[in-house]
Amino acid sequence: MNAQRPHGRSWSESLAGLVGLLLLAGLLGAAPARAQTPPSNLTATGVSGSQIDLTWTGTGVFATYNVYRDGSPIVTGLGSPGYSDTGLDSFTEYDYFVTATVFGSESGPSNTVSEFTLDDSPPTKPDGLTGSAVSTTQIDLTWNPATDDETGVSEYAIYRDNVEVGRSPVTGFSDTGLTASTTYTYRVSAFNGDGYESSSSSPQNVSTLDPEPPPPPTNLAASTVSASEIDLSWTASTAGDVIGYRVTRNGTPVATLGVTTTYRDTGLQGFTTYTYTVTTLDSEGLESGPSGPAQATTLDGTPPTVPANLSATTTGTTTIEVTWAASADPETGVVGYRVYRNGTEIATTSQTTYEDGGLSPATTYDYRVRAVNGEGLESGLSNEDSATTLDASGPTTPTNLVATAAGTDRIDLDWTASSDPESGIAGYRIFRDGSQVGQTAQTSYSDSGLSPATEYEYRVRAVNGDGLESEFSDPATATTFDATPPTAPQNPAATPVGTERIDLSWTASDDPETGILGYRVFRDGSEIGTTAQTVYQDDGLSPATEYDYYIVAVNGGGLESQPSATVSSAWQRENRRSS
Numbered sequence: 356m357n358a359q360r361p362h363g364r365s366w367s368e369s370l371a372g373l374v375g376l377l378l379l380a381g382l383l384g385a386a387p388a389r390a391q392t393p394p395s396n397l398t399a400t401g402v403s404g405s406q407i408d409l410t411w412t413g414t415g416v417f418a419t420y421n422v423y424r425d426g427s428p429i430v431t432g433l434g435s436p437g438y439s440d441t442g443l444d445s446f447t448e449y450d451y452f453v454t455a456t457v458f459g460s461e462s463g464p465s466n467t468v469s470e471f472t473l474d475d476s477p478p479t480k481p482d483g484l485t486g487s488a489v490s491t492t493q494i495d496l497t498w499n500p501a502t503d504d505e506t507g508v509s510e511y512a513i514y515r516d517n518v519e520v521g522r523s524p525v526t527g528f529s530d531t532g533l534t535a536s537t538t539y540t541y542r543v544s545a546f547n548g549d550g551y552e553s554s555s556s557s558p559q560n561v562s563t564l565d566p567e568p569p570p571p572p573t574n575l576a577a578s579t580v581s582a583s584e585i586d587l588s589w590t591a592s593t594a595g596d597v598i599g600y601r602v603t604r605n606g607t608p609v610a611t612l613g614v615t616t617t618y619r620d621t622g623l624q625g626f627t628t629y630t631y632t633v634t635t636l637d638s639e640g641l642e643s644g645p646s647g648p649a650q651a652t653t654l655d656g657t658p659p660t661v662p663a664n665l666s667a668t669t670t671g672t673t674t675i676e677v678t679w680a681a682s683a684d685p686e687t688g689v690v691g692y693r694v695y696r697n698g699t700e701i702a703t704t705s706q707t708t709y710e711d712g713g714l715s716p717a718t719t720y721d722y723r724v725r726a727v728n729g730e731g732l733e734s735g736l737s738n739e740d741s742a743t744t745l746d747a748s749g750p751t752t753p754t755n756l757v758a759t760a761a762g763t764d765r766i767d768l769d770w771t772a773s774s775d776p777e778s779g780i781a782g783y784r785i786f787r788d789g790s791q792v793g794q795t796a797q798t799s800y801s802d803s804g805l806s807p808a809t810e811y812e813y814r815v816r817a818v819n820g821d822g823l824e825s826e827f828s829d830p831a832t833a834t835t836f837d838a839t840p841p842t843a844p845q846n847p848a849a850t851p852v853g854t855e856r857i858d859l860s861w862t863a864s865d866d867p868e869t870g871i872l873g874y875r876v877f878r879d880g881s882e883i884g885t886t887a888q889t890v891y892q893d894d895g896l897s898p899a900t901e902y903d904y905y906i907v908a909v910n911g912g913g914l915e916s917q918p919s920a921t922v923s924s925a926w927q928r929e930n931r932r933s934s
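In structure tokens:
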């Protein structure tokens with residue numbers, strides 16, 4: 356039995372009664388009350404790969420809320436306008452709407468919203484990271500793009516020595532404000548569209564450039580001073596903080612100088628070439644690259660050898676010829692000789708002979724010479740030799756000297772006789788290539804025992820009855836005959852032309868010493884002609900007759916070759932057979 360309640364109701368009791376009446380009315384079949392408006396301003400926000408948060412504007416204090424995902428309710432009776440939907444698939448789109456329920460009556464749907472869960476799979480890590488120093492304070496980085504198949508790559512984080520120093524939406528980054536000559540370690544990671552970061556790339560070490568060295572000096576020049584010294588000069592470097600220069604010889608530093616533009620290198624080897632460069636030193640301890648090179652060669656410190664075998668030979672009443680063996684100087688060479696007569700220098704010459712003229716007849720003179728090299732250094736004096744000029748009443752000089760080759764080992768000489776009205780001509784002395792080879796009382800002479808194919812020069816001087824000699828005749832030259840015959844003609848050919856003529860041809864012979872003078876042509880063993888050409892026309896022959904030919908070459912010395920191969924007039928033979 357229910358307990359009785361006292362008369363008089365409080366406000367809470369009245370409210371409870373009203374609610375009870377309303378519930379009773381519902382149970383008795385009163386018409387349901389529908390919410391006036393559905394929830395509004397529904398928003399959905401993906402917060403992870405498995406969660407989307409929903410918020411909306413509620414409809415009143417008596418409403419509860421129902422959440423629908425992709426058209427199906429997922430939760431009902433929520434007491435407040437908000438919900439976190441969890442357990443979802445990563446990077447998947449979902450559609451949501453919300454309804455309100457008031458006293459058992461459900462409103463229409465709110466606005467529908469769509470939202471993706473986040474992409475919780477990070478992008479691939481960047482690879483191919485490379486860096487290059489641009490200056491003393493900047494390093495530029497590049498890398499290959501990372502990939503993310505869901506939300507894509509939004510940007511890259513750049514780490515220097517494990518500290519993030521910047522981000523870039525592209526695959527490149529310039530890191531500035533660095534320290535010169537310093538090595539830095541870089542890594543790069545990628546972020547996808549949902550903010551997930553990849554693992555970092557492989558590290559890359561890059562060093563900034565060294566500070567700029569000063570410019571080198573210019574216009575370096577080297578000049579020889581002596582056999583052991585070379586002077587250097589240059590134009591100063593344009594750097595503002597130059598403290599000195601370093602000199603390098605043949606690749607090795609030899610001197611560090613203060614602020615100067617000249618240097619003398621000493622203690623060098625004679626007649627040696629040296630190559631120099633100079634670098635600039637600045638106050639920061641930096642050194643420039645080398646200047647352009649300069650070369651110089653020290654002087655020759657060794658004089659030439661002494662001339663040897665000096666000989667003085669009388670050549671007339673007022674002339675003496677002096678000859679000597681050449682000096683040697685392997686470094687700068689011999690440029691000339693000083694000639695001394697009776698102790699006084701009288702001439703210089705670049706030859707090893709000198710003819711002293713303007714002398715007094717029947718006078719004796721002493722001669723010596725010394726050599727001079729390319730640097731002006733002089734040898735000692737040669738041996739001394741004397742000669743006496745001829746008596747002024749000597750015979751006249753032989754004239755019209757002619758030298759004629761008479762074989763491979765002989766040259767014949769002929770000349771016009773000298774005269775001496777006082778003592779007559781006793782004979783003649785014959786000189787070959789400056790040396791006497793014979794004497795004769797005749798005006799001809801045969802010089803034998805010579806070498807083949809060799810040129811010889813001759814002079815003749817007359818001797819009178821008192822033994823006085825004439826001046827030398829003018830020289831005459833001749834060349835002995837060649838001792839080697841020419842090669843035999845090759846490839847002889849005989850071609851019939853008509854009934855009475857045969858044309859011959861052959862390949863030329865060769866003789867490198869005296870050349871080919873001509874060819875002797877033989878028919879049937881007998882010589883029929885000569886020619887300087889390599890063709891010959893034999894005519895006046897008998898028709899239908901066979902002839903045999905061969906050819907012999909003759910060189911400039913008269914030597915003959917072996918006969919060529921024998922060739923026959925084959926065409927006429929064929930004609931004769933066919934007839």
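First residue of the sequence shown: 356, per this note's numbering; consecutive thereafter.
Each residue gets a CB set at the ideal place from its N, CA and C atoms; glycine is no exception.
Tell me the DSSP bridge mates of E505? None; E505 has no bridge partner.
Rounded to whole angstroms, what is the Cα-Cα separation between G911 and Q791? 29 Å
When you compare the CB positions of A582 and G613, do they come within less than 8 Å of one another, or not? no
Hey, G401 and T479 are a contact pair by Cβ (cut 8 Å); roughly how many whole angstroms apart? With a Cβ gap of about 22 Å, G401 and T479 do not count as contacting.
Please report the distance separating the alpha-carbon of L714 from that of G729. Computed Cα separation, rounded: 32 Å.
Are the Cβ atoms of T538 and S562 separated by less than 8 Å? yes
For A742 and A667, believed in contact at Cβ under 8 Å, the rounded distance: 4 Å
Would L745 and T672 qualify as a contact pair, given that the criterion is a beta-carbon distance under 8 Å? yes
Only counting runs of 3 or more residues, tell me where the beta strand (DSSP E) segments fall wholly within the segment 794-873, in order along the chain. 799-803, 810-819, 831-834, 845-851, 856-862
8 Å CB neighbourhood of V609 in its chain, flanking five on each side removed: V602, T603, D620
Check this for me: beta carbons of P464 and T454, under 8 Å apart or not? Yes.
Check whether the segment 756-774 touches the segment 702-722, taking contact to mean three or more Cβ pairs, one atom from each stretch, closer than 8 Å. no
Through-space distance from G622 to I585, alpha-carbon basis: If you take the alpha carbons of I585 and G622, they lie about 9 Å apart.
Enumerate in chain order the residues of its own chain whose CB-to-CB distance from S933 is below 7 Å, with the five nearest sequence positions on each side excluded. Low local confidence applies: a pLDDT of 40 at S933 is under 50, so the model's placement there is unreliable, and no value is given.
Helix, strand or coil for D711, going by three-state DSSP, please let me know. strand
Given I598, which residues of its chain have a CB within under 8 Å of its CB, disregarding the five upstream and five downstream residues? G613, V614, L636, D637, S638
Mind pulling the beta strand (DSSP E) runs of 3 or more residues that sit fully within the segment 423-487? 427-433, 437-440, 448-457, 468-471
Between the CA atoms of Y514 and G640 - distance to the nearest angstrom: 33 Å
Please check the pair D894 and E855, which I expect to be a contact at CB under 8 Å, by giving their CB distance rounded to whole angstroms. 6 Å
Roughly how many whole angstroms lie between the Cα atoms of G384 and E448? At G384, the pLDDT of 39 sits below 50, so the modelled position is not reliable and the matter cannot be decided from this model.
Could you check if F417 is buried or exposed, using at least 16 other CB atoms within 10 Å of its CB as the buried criterion? exposed
Using the beta-carbon count (16 or more within 10 Å), is T593 buried or exposed? Exposure of T593 is indicated by the presence of fewer than 16 other C-beta atoms within 10 angstroms of its C-beta.
When DSSP labels each residue in this structure, what does L379 get in the three-state scheme? With a pLDDT of 37 at L379, under the threshold of 50, the modelled position of this residue cannot be trusted, and the question is left open.
Per the DSSP calculation, T886 is bridged to which residue(s)? Y874
From the DSSP output, in three-state form, read off F417 for me. coil
Cβ atoms of I785 and D802: under 8 Å apart, would you say? yes
Would you report the Cα separation of S439 and Q406, rounded to the nearest angstrom? Approximately 7 Å, taken between the alpha carbons.
With distances taken from CA atoms, which of G548, S490, P436, L587 is nearest P477? Of G548, S490, P436, L587, the residue nearest in Cα terms is G548.
Reduced DSSP category for G729 - H, G, I as helix; E, B as strand; rest coil: coil
Cβ-heavy atom distance between V818 and the ligand PLP below 7 Å? As presented, the structure is devoid of all ligands, the ligand PLP included, so that no description of it is given.
Pair every Cβ in the segment 506-520 with every Cβ in the segment 573-582, then say whether three or more of these pairs are closer than 8 Å. no
Going straight from the alpha carbon of S916 to that of A908, what length do you get? 5 Å
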